[in-house]
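One structure is given here, and the rest of the page talks about it.
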Amino acid sequence: GQQVMQIPQYRHVQEGEDFTTYCNSSTTLSNIQWYKQRPGGHPVFLIQLVKSGEVKKQKRLTFQFGEAKKNSSLHITATQTTDVGTYFCAGPDSGGSNYKLTFGKGTLLTVNP
Amino acid sequence: EAQVTQNPRYLITVTGKKLTVTCSQNMNHEYMSWYRQDPGLGLRQIYYSMNVEVTDKGDVPEGYKVSRKEKRNFPLILESPSPNQTSLYFCASSTGVGYTFGSGTRLTVV
């Protein structure tokens, strides 16, 4: 079946440092989604990317979808303690339907104030 | 307030005692799904539903049942729980772009 892999598994940064997490799929994706889960919380949808090479920004967060639509990245500029949490990418099944979504194992970000 | 509501939030039960975790959404979403989250394994999809009376297996459906008799409700049924079903469970719903997750149900089977 489809596999979605994320690296790194963990990342600890000093506040103000930049952070990037990478997501790779074993298959071409029709879209990719990103979620954030705060410690003790539930996943919260951040964004969906659909087009090859697409780049979207949300304040200090920059999301990118690869040209081949098999990889994606999330970059946070100048991390803050509020960025702490696990960041997941997720991709739909081969049919492209978002009801069957496979999640990566996530990257846990901790920020030292 | 738009939300996905799961109950109970915490549950400790014994092996073999049937249980149901309820899930309800008030956003008129077509898609609903159940995930379990385990350390080191991430979020794994148990079952999903594309609409009323339409359900299908996810990646880890063994030991679980679901039903979708109404659009708003998607209960998760464990007919005979076992200790390996101890986990954090999330219900989620969507119109097709991004799932909205419930707050989770932490289940312990002893």
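Chains as they are written, first to last, in this note's numbering: chain A, 480 to 592; chain B, 1122 to 1231.
Yeah, the Cβ is synthetic: ideal placement off N, Cα and C, and Gly gets one too.
The straight-line gap separating the alpha-carbon atoms of M1148/B and G585/A is approximately 27 Å.
DSSP places G585/A in no beta strand (DSSP E); its state is neither H nor E. Per DSSP, the continuous beta strand (DSSP E) segment holding K1178/B begins and ends at 1175-1178. Look at D562/A here: in three-state DSSP terms it is helix. Fewer than three beta-carbon pairs drawn from the segment 561-571 of chain A and the segment 1134-1143 of chain B are found closer than 8 Å, and the two stretches are therefore not classed as touching. Bridge pairing for F524/A: Y514/A [DSSP].
Flagged as an interface residue toward chain A: M1171/B, by a C-beta distance shorter than 7 Å.
Of the residues assessed, N591/A falls on the exposed side of the cut-off, its CB having fewer than 16 other CB atoms within 10 angstroms.
Remark: fewer than three beta-carbon pairs, one from each stretch, lie closer than 8 Å, so the segment 534-554 of chain A and the segment 1123-1133 of chain B are not flagged as touching.
Neighbourhood of G585/A in chain B, by CB distance below 7 Å: G1163, in chain order.
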